[in-house]
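For reference, the structure discussed in these notes is given below.
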Amino acid sequence: MSHSTTPDDPAVAPGTLLQVSPLLPALERALAERHRTVRLHELPDPAAYLREEAGDVVAAVTSARFGVANSLMDALPRLGAIVHFGVGYETTDVAHARARGIVVSNTPDVLNDCVADLAVGGLIDVMRELSAADRYVRAGRWGAASYPLTSRVSGKRVGILGLGRIGRAVARRLEGFDMDIAYCSRVPVADVPYRHVPTAPELAAECDAVVVTVAGGAGTRGLVSAEVLDALGPRGFLVNVARGSVVDEPALVAAVREGRIAGAALDVFADEPNVPPELLESDRVLLLPHVASGTHETRQAMADLVLGNVRRFMAEGVLLTPVP
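See below:
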């Protein structure tokens, strides 16, 4: 169903909420119950809808994966807010939105713990080769030979690329493993006990593993370059729970294929859901389908925050969690 009718509610501003991309079914139902909602992605002729009814749209809700294109923003003369389901918003041109007087929100903080949990789990998995060892047992190879030795986790030197909310949550967890923690960010972060390293290559050179938690977007595209991977070296590990765009994927494929890094745990990729075949074939890479925030609890909290942002904008013209 692509259309819904808003119940009479004086707190809800007149106008249409445009859903740009698929969302959680429960969230879609809640939006439809509270607001006059049109699901653009389900319409047989979205262009015709925009030609005829674009002037009714006052807010848009979308996912971090899809965002709202500049062309769509420009087609909606009354658009006042873009609400993202997800912490990322690099798929929406925020500068363009602001120039149009459009406010933008995301769902920060509520997913920090689950993303950090998965980052640490991925690091343990790839260093101790848990998934590879599981496949070894399932293939019936244990009876022929013992599994090769792996790398100890506790006490290692770990670098965090991007010490924001999620990066700090990762660091706190790693403290429990008695790790030596350093981080790289544009400027040093106040009130943290970890060592600041000014560049990504320097961070990689000092560490046994690098966990990527930096925001996506043009400013961080390809930040984990061939130079960074070479600095990490043949005994070093990479964990990426940020965005696929942050890592130079061809350089990573080459580094894995040639043994120039020890392994990688990846939750995100450059062209999702497509994963390079060379990574699929490697037992030294843990591959996850972008599930870092994929728990019942976190997705519900994200949905609640989306609903809160939409409700607040429709009632008061402001957002609960505007992006910086």
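With the sequence shown counted from 1, adding 699 to any position gets you the numbering used here. Ideal Cβ placement from N, Cα and C applies to all residues, glycine included. Just so it is clear, the structure is predicted and the values come from calculations on it, not from any experiment.
So for residue i, helix, strand or coil by DSSP?
i: Asp808; result: coil
i: Cys883; result: strand
i: Thr1031; result: Within the shown structure, residues of the chain are numbered from 700 to 1023, placing residue 1031 beyond reach of any answer.
i: His783; result: strand
i: Ala759; result: strand
i: Val968; result: The question names Val, yet the displayed sequence has Phe at residue 968. Correct three-state label for Phe968: coil.
i: Ile960; result: coil
i: Leu987; result: coil
i: Pro1023; result: coil
i: Thr715; result: strand
i: Thr736; result: strand
i: Leu778; result: coil
i: Leu723; result: coil
i: Arg851; result: coil
i: Val896; result: coil
i: Val819; result: helix
Comparing the CB of residue i with every heavy atom of the ligand NAP, is any distance shorter than 7 Å?
i: Gly779; result: This structure does not include the ligand NAP; it has no bound ligands of any sort.
Can you find a CB in chain B that lies within less than 8 Å of the CB of residue i?
i: Gly800; result: You won't find chain B in this structure, because it holds only one protein chain.
So is residue i buried or exposed if we call it buried at 16+ other beta carbons inside 10 Å?
i: Pro975; result: buried
i: Asn1008; result: buried
i: Leu726; result: buried
i: Tyr748; result: buried
i: Asn973; result: exposed
i: Gly1016; result: exposed
i: Arg998; result: buried
i: Tyr893; result: buried
Along the chain, where does the alpha helix (DSSP H) that runs through residue i open and close?
i: Ile865; result: 864–874
i: Asn1008; result: 995–1015
i: Arg750; result: 745–752
i: Val927; result: 925–931
If we ignore side chains and look at the alpha-carbon of each, how far apart do residue i and residue j end up?
i: Leu1019; j: Leu860; result: 28 Å
i: Val1005; j: His783; result: 7 Å
i: Phe876; j: Leu829; result: 17 Å
i: Ala991; j: Thr912; result: 11 Å
i: Ala763; j: Leu722; result: 10 Å
i: Arg799; j: Glu957; result: 48 Å
i: Ser845; j: Gly932; result: 27 Å
Can you tell me where the beta strand (DSSP E) with residue i in it begins and where it stops?
i: Arg856; result: 856–860
i: Leu937; result: 936–939
Do residue i and residue j have their CB atoms nearer than 8 Å?
i: Asp824; j: Arg856; result: no
i: Ser924; j: Val955; result: no
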